[in-house]
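As you go down the protein sequences, you meet chains W and V in turn. Using this note's numbering, read the first sequence as starting at 1 and increasing by one per residue. Using this note's numbering, read the second sequence as starting at 1 and increasing by one per residue. Cβ atoms here follow ideal geometry from the backbone N, Cα and C, with glycine treated the same way. Right, one structure below, let's go through it.
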Amino acid sequence: MFSHTEMLYVKMALLHIVRRKGRAALISIMIAISMIGLLLMEGMYEGMMVQITQNSIKTGSGTVSIQHKMFRSDNNIKYTIANPYKITALLDSKKEVESYVMRINQRGLIATAGYSQGVNVMGIDLEKESSHAKLENFIIKGNYNFNKNGRGALIGYRLAKKLKVDIGKKVIVTMQDTNNEVVSVALKITGILKTNNMAIDSNGLLMDIERLRGLNGIQGVTEISILLHEQNDDTQLIHSLVPKINDQNIAVYSYKELYPSLHEGEAMMQTYSRISSSFIFIVATLGIFGVVLVSVFERVREFGIMMAIGTQFHDIARLIIYESLVITMSGYIVGALLGGGLLWYFKEFGLDLSGLSDAFAIFGMDSSIHAILKREYFTSAFISVLVATLAATIIPIRTLKQRNPIQSISEQP
Amino acid sequence: MNFLTVRNVKKVFNEGSESQSNALMGIDLSIGKEEFIVISGPSGSGKSTLLNIIGGLDAPSEGSVELVGTVITALNENDLALFRRENIGFVFQAYNLIPVLTVKENIEYVMRLMGIPQSQCDARVLEVARELDIDTYLNKFPDHLSGGQQQRVAVARAVASKPKLILADEPTANLDTANAQKLMELMRRLNIEEKVTIIFSSHDPMVIEKARRSIVLRDGKIIEDTVRS
Ligand SMILES: Nc1ncnc2c1ncn2[C@@H]1O[C@H](COP(=O)(O)OP(=O)(O)OP(=O)(O)O)[C@@H](O)[C@H]1O
Ligand SMILES: [Mg+2]
Numbered sequence: 001m002f003s004h005t006e007m008l009y010v011k012m013a014l015l016h017i018v019r020r021k022g023r024a025a026l027i028s029i030m031i032a033i034s035m036i037g038l039l040l041m042e043g044m045y046e047g048m049m050v051q052i053t054q055n056s057i058k059t060g061s062g063t064v065s066i067q068h069k070m071f072r073s074d075n076n077i078k079y080t081i082a083n084p085y086k087i088t089a090l091l092d093s094k095k096e097v098e099s100y101v102m103r104i105n106q107r108g109l110i111a112t113a114g115y116s117q118g119v120n121v122m123g124i125d126l127e128k129e130s131s132h133a134k135l136e137n138f139i140i141k142g143n144y145n146f147n148k149n150g151r152g153a154l155i156g157y158r159l160a161k162k163l164k165v166d167i168g169k170k171v172i173v174t175m176q177d178t179n180n181e182v183v184s185v186a187l188k189i190t191g192i193l194k195t196n197n198m199a200i201d202s203n204g205l206l207m208d209i210e211r212l213r214g215l216n217g218i219q220g221v222t223e224i225s226i227l228l229h230e231q232n233d234d235t236q237l238i239h240s241l242v243p244k245i246n247d248q249n250i251a252v253y254s255y256k257e258l259y260p261s262l263h264e265g266e267a268m269m270q271t272y273s274r275i276s277s278s279f280i281f282i283v284a285t286l287g288i289f290g291v292v293l294v295s296v297f298e299r300v301r302e303f304g305i306m307m308a309i310g311t312q313f314h315d316i317a318r319l320i321i322y323e324s325l326v327i328t329m330s331g332y333i334v335g336a337l338l339g340g341g342l343l344w345y346f347k348e349f350g351l352d353l354s355g356l357s358d359a360f361a362i363f364g365m366d367s368s369i370h371a372i373l374k375r376e377y378f379t380s381a382f383i384s385v386l387v388a389t390l391a392a393t394i395i396p397i398r399t400l401k402q403r404n405p406i407q408s409i410s411e412q413p
Numbered sequence: 001m002n003f004l005t006v007r008n009v010k011k012v013f014n015e016g017s018e019s020q021s022n023a024l025m026g027i028d029l030s031i032g033k034e035e036f037i038v039i040s041g042p043s044g045s046g047k048s049t050l051l052n053i054i055g056g057l058d059a060p061s062e063g064s065v066e067l068v069g070t071v072i073t074a075l076n077e078n079d080l081a082l083f084r085r086e087n088i089g090f091v092f093q094a095y096n097l098i099p100v101l102t103v104k105e106n107i108e109y110v111m112r113l114m115g116i117p118q119s120q121c122d123a124r125v126l127e128v129a130r131e132l133d134i135d136t137y138l139n140k141f142p143d144h145l146s147g148g149q150q151q152r153v154a155v156a157r158a159v160a161s162k163p164k165l166i167l168a169d170e171p172t173a174n175l176d177t178a179n180a181q182k183l184m185e186l187m188r189r190l191n192i193e194e195k196v197t198i199i200f201s202s203h204d205p206m207v208i209e210k211a212r213r214s215i216v217l218r219d220g221k222i223i224e225d226t227v228r229s
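In structure tokens form, the structure reads like this:
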């Protein structure tokens, strides 16, 4: 594996580091800190991105959404899926599908004694939503129920604020039925939701789907919202569903189509994270570069003596490279362990941002972020450190090569 | 065949510029095996330049150096390094040692480069260290030694790998009289016991008189070459 002299240089590199701890420790720590920063940034960013997307997807139209093809452009309840059970039977047989729910979405008007505004009325089944999007987790006040009589409603927290209503207060919801007659119902607020999905938080009222049917006379549903085990299986599922549903009037959408801004946001964040990591990479390279440069130049005389007594230049170069690699790689390992550990912790237990959550809520984030931990964070950082280290050794080695041993020895120590 | 032949060696630094200096102006020299030679002369007379060229650390502007049958002035850097490793030991004025290695590791460094097995290195280090009276601090680091001790370690390293020639440029310049005398005596003993040729330079009359053959330089020329009986 290693030749006799090679081992000698590896040993000398190690000795040099062990016996002159200060600077080696400094650069190691610097790299370790950059590593931790980089890992946390990547992991938290990605965690944040996933969370933002997931919140909107889960409480909204799902990873894949099935609707009447006209419903998206014209939110009219005459565009419904009349026979949803034929479709759900299909979904039951798809192993990519994690869960699905059927909903009725309808535009309406919500009013209190002093105020009224437009509202998205969503007819849902509490139990099914619970095993689908775990909607009860988004309740910030009140309870996850519609009262025993079914006359309760959950509303978004921003809407509640605007209407100045609270738990137990009554609101009047008005809408059209299938015969274009105006119908209205009085509902008591049972719970307030904070989902970070704007459609619900600012404009959503959720009521019992059966009660809504009784009111507007809809037989089917307006949407089947589907969550997948693997978000990226969306296109595959859509391709296999469309021919089987075999209905000109039914459209199957991916979340990428329904929430293009989410998708753009993802791309933007990725670019941002890439820019920041290249920045960290450049700073680390300069640091490594400086330290390698200084540690070579302060030992020019030593290298001169080594060459005088018979060390070949390429062995000196190798010594410098080994030394730099040991220093930077030990920093990498420490950084990977600590950063990886922290990320794992934030992945398991989340990072609590409740103090800042109002500011973050605008971006559709929860008050706690769960990090993502990927192997590629470590491999890309490893390659970066490796490349930076090698790049940093080039100039000192070249400078040394341009002198003959005696010029190096004449250097004042 | 001579042990060492220097033929018409000239060295010009910064040729053509204002600061041009003709350090050596045609040196011819013939040296036999196991000689013990001092090169003296005033500052700037070319002592270091000559030693560096003989040792293959610097190239002459003109002329050639032949050592044990090899024209070293014709070798490239890489081969020169190998040649020096096998044939020449060096002692410089100061800071000869590799600071991160212990005294023992410094002494055996060249032998390790030559691929000599560790057990043989150990034995040789001990032998040389006893000869030079440094065997009690083999495990210390250079910066824990006095200047005189460091120079003796440097001599030990130069001699340990059994080179044919040892070049020492002002090895006693940084030492007090007692230490300088002691170092010279040790070098003289090695010259006899190890049968190694030694060429050193010096300013110091007390040191110069230890040598058997004395070469004096002035302005890059040999002005005197005498052998004491
Ligand atoms: N690298 C160099 N560049 C330019 N000139 C040099 C260089 N090395 C030596 N010289 C010049 O060459 C001449 C001989 O220098 P050298 O160092 O060989 O003398 P020396 O006899 O060893 O002197 P000292 O007793 O001071 O060590 C001097 O004039 C010196 O200035
Ligand atoms: Mg000199």
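Start and end residues, alpha helix (DSSP H) containing threonine 197 of chain V:
Sequence index remark: in the second sequence, residue 197 of chain V carries index 197 (1-based). Unbroken run through threonine 197 of chain V is the beta strand (DSSP E), 197 to 201; no alpha helix (DSSP H).
Taking only the alpha-carbon atoms, compute the straight-line gap between glycine 41 of chain V and lysine 47 of chain V and give it to the nearest angstrom.
What you label residue 41 of chain V is simply residue 41 of the second sequence in a count that begins at 1. What you label residue 47 of chain V is simply residue 47 of the second sequence in a count that begins at 1. Whole-angstrom Cα-Cα distance: 7 Å.
So aspartate 58 of chain V contacts chain W; which residues on that side make the cut at Cβ distance below 7 Å?
As a position in the second sequence, residue 58 of chain V is number 58, starting the count at 1. Per Cβ cutoff of 7 Å: Asn404 and Ile406.
Taking just the CA atoms, how far does aspartate 219 of chain V sit from leucine 400 of chain W?
In the first sequence, the residue the question calls residue 400 of chain W occupies position 400. In the second sequence, the residue the question calls residue 219 of chain V occupies position 219. Approximately 31 Å, taken between the alpha carbons.
Regarding serine 48 of chain V and ligand 2, is the C-beta to nearest heavy atom distance less than 7 Å?
Here the question's residue 48 of chain V lines up with position 48 in the second sequence. Yes, the beta carbon of serine 48 of chain V sits closer than 7 Å to at least one heavy atom of ligand 2.
Per the contact definition of three or more C-beta pairs closer than 8 Å, is the stretch 108 to 125 of chain W in contact with the stretch 198 to 208 of chain W?
yes
With a threshold of 8 Å between beta-carbons, can glutamate 302 of chain W be considered close to chain V, or not?
One-based indexing of the first sequence puts residue 302 of chain W at position 302. Yes, because at least one Cβ of chain V sits closer than 8 Å to the Cβ of glutamate 302 of chain W.
List, in order along the chain, the chain W residues whose C-beta lies closer than 7 Å to that of glutamate 77 of chain V?
Residue mapping note: residue 77 of chain V aligns to position 77 of the second sequence, counting from 1. Simply Phe313.
Check whether the Cβ of tyrosine 137 of chain V lies closer than 8 Å to any Cβ atom in chain W.
By 1-based counting over the second sequence, the position of residue 137 of chain V is 137. Cβ-Cβ to chain W under 8 Å: no for tyrosine 137 of chain V.
Within the continuous beta strand (DSSP E) that includes serine 68 of chain W, where are the two ends?
Taking the first sequence and counting its residues from 1, one reaches residue 68 of chain W at position 68. Note on residue identity: the sequence assigns histidine, not serine, to residue 68 of chain W. Run containing histidine 68 of chain W: 64 to 68, per the beta strand (DSSP E) assignment.
Report whether the distance from the Cβ of serine 21 of chain V to the nearest heavy atom of ligand 1 is below 7 Å.
Residue 21 of chain V sits at position 21 when you count from the first residue of the second sequence. Yes - ligand 1 has a heavy atom lying nearer than 7 Å to the Cβ of serine 21 of chain V.
Between the stretch 150 to 160 of chain V and the stretch 173 to 193 of chain V, do three or more beta carbon pairs fall short of 8 Å?
yes
Am I right that asparagine 8 of chain V and glutamate 62 of chain V are in contact with their C-beta atoms under 8 Å? What's the rounded C-beta distance?
Translated into positions along the second sequence, residue 8 of chain V becomes position 8. Translated into positions along the second sequence, residue 62 of chain V becomes position 62. That pair is a contact at about 7 Å.
Check: asparagine 14 of chain V C-beta below 7 Å from any heavy atom of ligand 1
Here residue 14 of chain V corresponds to residue number 14 of the second sequence, with the count starting at 1. Result yes, Cβ under 7 Å from ligand 1.
Out of W:Ala317, W:Gly214 and W:Thr271, which has the shortest C-alpha to C-alpha gap to valine 292 of chain W?
Here the question's residue 292 of chain W lines up with position 292 in the first sequence. Residue W:Ala317 is the option with its Cα nearest to valine 292 of chain W.
Three or more C-beta pairs below 8 Å linking the stretch 384 to 401 of chain W and the stretch 278 to 289 of chain W:
With the rule of 3 Cβ pairs closer than 8 Å, the stretch 384 to 401 of chain W counts as touching the stretch 278 to 289 of chain W.
Beta-carbon contacts of serine 17 of chain V that lie in its chain and below 7 Å, excluding the five residues immediately before and after:
The sequence position of residue 17 of chain V within the second sequence is 17, counting from 1. There are no such residues.
Verify the CB distance criterion: does alanine 317 of chain W have a CB-CB separation below 8 Å to chain V?
What you label residue 317 of chain W is simply residue 317 of the first sequence in a count that begins at 1. Not one chain V Cβ lies under 8 Å of alanine 317 of chain W.
Is the Cβ-Cβ distance between valine 296 of chain W and isoleucine 320 of chain W less than 8 Å?
Residue 296 of chain W sits at position 296 when you count from the first residue of the first sequence. Residue 320 of chain W sits at position 320 when you count from the first residue of the first sequence. Against a cut-off of 8 Å, the Cβ pair of isoleucine 320 of chain W and valine 296 of chain W comes out as a contact.
Three-way DSSP call (helix, strand, coil) for arginine 103 of chain W in this model:
Mapped onto the first sequence, residue 103 of chain W falls at position 103. Note: arginine 103 of chain W maps to strand in three-state DSSP.
May I ask you to list the residues that DSSP assigns as paired with arginine 213 of chain V?
Translated into the one-based positions of the second sequence, residue 213 of chain V becomes position 213. DSSP, once it has assigned bridges, lists V:Ile37 and V:Val227 as partnering arginine 213 of chain V.
Could you name the residues that DSSP lists as bridge partners for glycine 152 of chain W?
Along the first sequence, read from residue 1 onward, the residue named residue 152 of chain W stands at position 152. DSSP output for glycine 152 of chain W lists W:Lys188 as bridge partner(s).
Does DSSP classify glutamine 248 of chain W as helix, strand or coil?
Walking along the first sequence from the start, residue 248 of chain W turns up at place 248. If DSSP states are grouped into helix, strand and coil, glutamine 248 of chain W belongs with coil.
Let me know the secondary structure DSSP gives methionine 122 of chain W once reduced to three states.
Position 122 of the first sequence, counted from the start, is the residue given in the question as residue 122 of chain W. Methionine 122 of chain W: strand per DSSP, three-state reduction.
Can the beta-carbon of isoleucine 305 of chain W be found less than 8 Å from the beta-carbon of isoleucine 409 of chain W?
Working through the first sequence from its first residue, we reach residue 305 of chain W at position 305. Working through the first sequence from its first residue, we reach residue 409 of chain W at position 409. Going by C-beta atoms, isoleucine 305 of chain W is nearer than 8 Å to isoleucine 409 of chain W.
Glycine 341 of chain W by DSSP, collapsed to three states: which one?
Counting from one through the first sequence, the residue named residue 341 of chain W turns up at place 341. Of the three classes helix, strand and coil, the one that applies to glycine 341 of chain W here is helix, per DSSP.
Inter-stretch contact at 8 Å, needing at least 3 Cβ pairs: the stretch 211 to 219 of chain W / the stretch 37 to 49 of chain W
Between the stretch 211 to 219 of chain W and the stretch 37 to 49 of chain W, the count of C-beta pairs closer than 8 Å stays below three; the two stretches do not touch.
Glycine 287 of chain W versus leucine 38 of chain W - alpha carbon distance:
Counted from its first residue, the first sequence places residue 287 of chain W at position 287. Counted from its first residue, the first sequence places residue 38 of chain W at position 38. The alpha-carbon atoms of glycine 287 of chain W and leucine 38 of chain W are separated by roughly 16 Å.
Continuous alpha helix (DSSP H) stretch holding asparagine 52 of chain V: start and end:
Along the second sequence, one-based indexing puts residue 52 of chain V at 52. 47 to 54 is the span of the alpha helix (DSSP H), which, as asked, contains asparagine 52 of chain V.
Are the beta-carbon atoms of serine 214 of chain V and threonine 172 of chain V separated by less than 8 Å?
Counting from one through the second sequence, the residue named residue 214 of chain V turns up at place 214. Counting from one through the second sequence, the residue named residue 172 of chain V turns up at place 172. No, these two residues do not count as a Cβ contact at 8 Å.
Any idea if leucine 337 of chain W is buried or exposed, counting beta-carbon neighbours within 10 angstroms, 16 or more meaning buried?
By one-based count along the first sequence, residue 337 of chain W stands at place 337. By the 10 Å Cβ count, leucine 337 of chain W comes out exposed.
So, for methionine 30 of chain W: in the same chain, excluding its five sequence neighbours on each side, which residues have a beta-carbon less than 6 Å away from its beta-carbon?
Position 30 of the first sequence, counted from the start, is the residue given in the question as residue 30 of chain W. Once the five neighbours on either side are set aside, the close Cβ partners of methionine 30 of chain W are Gly287.
By the DSSP assignment, the alpha helix (DSSP H) with leucine 212 of chain W in it spans what residues?
Position 212 of the first sequence, counting from 1, holds the residue named residue 212 of chain W. First-last of the alpha helix (DSSP H) with leucine 212 of chain W: 209 to 216.
Could you please give me the residues that DSSP links to asparagine 22 of chain V through a beta bridge?
One-based indexing of the second sequence puts residue 22 of chain V at position 22. Beta-bridge pairing links asparagine 22 of chain V to V:Val12.
Among V:Val110, V:Leu101, V:Leu165 and V:Gly148, whose alpha-carbon lies nearest the alpha-carbon of glutamine 181 of chain V?
Looking up residue 181 of chain V in the second sequence gives position 181. That would be V:Gly148, whose Cα lies nearest to the Cα of glutamine 181 of chain V.
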